[in-house]
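First comes the structure, then the notes that go with it.
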Amino acid sequence: MHPAYSVILFTTSSGAGYGLLFWLSLAQIFGSTSHTHWSFFFTLALALALITLGLLASTFHLGHPERAWRALSQWRSSWLSREGVAAVATYVPAGLLALLSLFKLTTGLEPVLALLSAVGAVATVWCTGMIYASLRTIREWNVGLVPPIYLALSAASGGLLMGLATSLAGPGQVWLNVVIVLALATALALKLAYYRHIDNDEGKYTAAQALGMGTHGIRQIDPPHTRPNYVMREMGYDVARRHALRLRWLALLCLFAGPLALVLLGLVVGIPMPLIYLLSCVLAGVGLVFERWLFFAEATHVSMLYYGAARA
Numbered sequence: 002m003h004p005a006y007s008v009i010l011f012t013t014s015s016g017a018g019y020g021l022l023f024w025l026s027l028a029q030i031f032g033s034t035s036h037t038h039w040s041f042f043f044t045l046a047l048a049l050a051l052i053t054l055g056l057l058a059s060t061f062h063l064g065h066p067e068r069a070w071r072a073l074s075q076w077r078s079s080w081l082s083r084e085g086v087a088a089v090a091t092y093v094p095a096g097l098l099a100l101l102s103l104f105k106l107t108t109g110l111e112p113v114l115a116l117l118s119a120v121g122a123v124a125t126v127w128c129t130g131m132i133y134a135s136l137r138t139i140r141e142w143n144v145g146l147v148p149p150i151y152l153a154l155s156a157a158s159g160g161l162l163m164g165l166a167t168s169l170a171g172p173g174q175v176w177l178n179v180v181i182v183l184a185l186a187t188a189l190a191l192k193l194a195y196y197r198h199i200d201n202d203e204g205k206y207t208a209a210q211a212l213g214m215g216t217h218g219i220r221q222i223d224p225p226h227t228r229p230n231y232v233m234r235e236m237g238y239d240v241a242r243r244h245a246l247r248l249r250w251l252a253l254l255c256l257f258a259g260p261l262a263l264v265l266l267g268l269v270v271g272i273p274m275p276l277i278y279l280l281s282c283v284l285a286g287v288g289l290v291f292e293r294w295l296f297f298a299e300a301t302h303v304s305m306l307y308y309g310a311a312r313a
């Protein structure tokens, strides 16, 4: 599939924003945060800004973005619609929490609003993952690991941002450092399992099956087109195997190995944690872009059987 940069920005930005909102909400619920009043507000504002940037970016590749709101009506059958409904719904408790923090109001509803914000963040990210996992026509996406990976990447990237914000606000929280390490390790394990799965999966469909010929082998005599068309460019984006492997290693190093090593180094050696988390966030951001680009570039639509693909 052709990697749409607007969708890459959407999934990386909103994913990190929802992850940050989730951890900040949990800290609010359990009262385990070193945030001052204003640092809590600005951290929450950062989460909402990242979410909003991502959601706006998701409309950039649409032919008529002004019609995007109509997708909300199809929530009974569409994961895309459910994602939109969950995203809009999450703004309500998160926005109220931000307003209470801005005006220094204490109502006793803060834990409830934080819980609803955390649930909304998880639901939205899960729906995003299910948009891709539900597509049977793309074998690299039609994998049960995809939604958990989306959640794990959101938790890891949001956790790093939470670590940066918390370390800037005051003494770091031990529980948060442990959670960040666990989130990164979990996301790494899931991503490695995903790569192993798609590398070993040869594809369910062949051109013979598409023509109703069962297991009989067929070969294409002439190409259906003399030059690339829209379907070939969008559905059959081709990335060389050696380039994909190189980018995989870069993604794994920047997104997982680098931040993990930096956080552990900071805890053991005593390097200032704000610097550690700043470097980790930059590295993870680069790694997320590589990982997300590959997620699209390595995916092949079943329609490529018509254009000469052996399996899909």
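Residues in the sequence shown are numbered from 2 upward in steps of one, following this note's numbering. Backbone N, C-alpha and C define an ideal beta-carbon position, used for all residues, glycine too.
{"Query": "Taking only runs of the alpha helix (DSSP H) that begin and end inside the stretch 151–239, which ones reach a length of at least 4 residues, in chain order?", "Result": "175–201, 208–211 and 231–236"}
{"Query": "Going by the beta-carbon positions, is the gap between Leu183 and Thr167 smaller than 8 Å?", "Result": "no"}
{"Query": "By how many angstroms is the C-alpha of Pro94 removed from the C-alpha of Ala119?", "Result": "9 Å"}
{"Query": "Report the rounded CA-to-CA distance for Thr301 versus Tyr238, giving the unit in angstroms.", "Result": "7 Å"}
{"Query": "So Ala209 and Ile219 are supposed to be a Cβ contact under 8 Å. How far apart are they, rounded?", "Result": "5 Å"}
{"Query": "Expressed to the nearest angstrom, what Euclidean distance is found between the alpha-carbon atoms of Leu98 and Ile9?", "Result": "28 Å"}
{"Query": "To the nearest angstrom, report how far apart Phe257 and Thr13 are at their CA atoms.", "Result": "15 Å"}
{"Query": "Smallest Cα separation from Phe43: which of Leu21, Gln75, Leu193 and Leu254?", "Result": "Leu21"}
{"Query": "Which residue marks the beginning of the alpha helix (DSSP H) containing Leu103, and which one marks its end?", "Result": "Trp80 to Leu103"}
{"Query": "Given this structure, state the Cα-to-Cα distance separating Leu266 from Ser158, to the nearest angstrom.", "Result": "18 Å"}
{"Query": "What three-state label does DSSP hand Ile272 in the structure shown?", "Result": "coil"}
{"Query": "Leaving aside the five residues before and after Gly37 along the sequence, list all residues of the same chain whose C-beta is less than 8 Å from its C-beta, in chain order.", "Result": "First, the amino acid is wrong: residue 37 is Thr here, not Gly. These residues qualify, in order along the chain: Ala170 and Gly171."}
{"Query": "From Met305 to Met131, what distance separates their C-alpha atoms?", "Result": "23 Å"}
{"Query": "Only counting the same chain, and skipping five residues up and downstream in sequence, which positions put a Cβ closer than 6 Å to that of Thr207?", "Result": "Arg312"}
{"Query": "Apply the 10 Å Cβ neighbour rule to Phe291 and answer buried if 16 or more other Cβ atoms are within range, or exposed otherwise.", "Result": "buried"}
{"Query": "Look at the Cβ atom of Glu111, then the Cβ atom of Gln174, and state whether they are nearer than 8 Å.", "Result": "no"}
{"Query": "Nearest to Leu248 by CA position, among Leu100, Asn143 and Trp294, is which residue?", "Result": "Trp294"}
{"Query": "Classify Gly121: buried if its beta carbon has 16 or more other beta carbons within 10 angstroms, exposed otherwise.", "Result": "buried"}
{"Query": "Looking at Thr60 and Thr91, is the spacing between their C-beta atoms short of 8 Å?", "Result": "no"}
{"Query": "Taking C-beta to C-beta, are His3 and Glu235 nearer than 8 Å?", "Result": "yes"}
{"Query": "Can you give me the C-alpha to C-alpha distance between Met274 and Val240, rounded to a whole angstrom?", "Result": "38 Å"}
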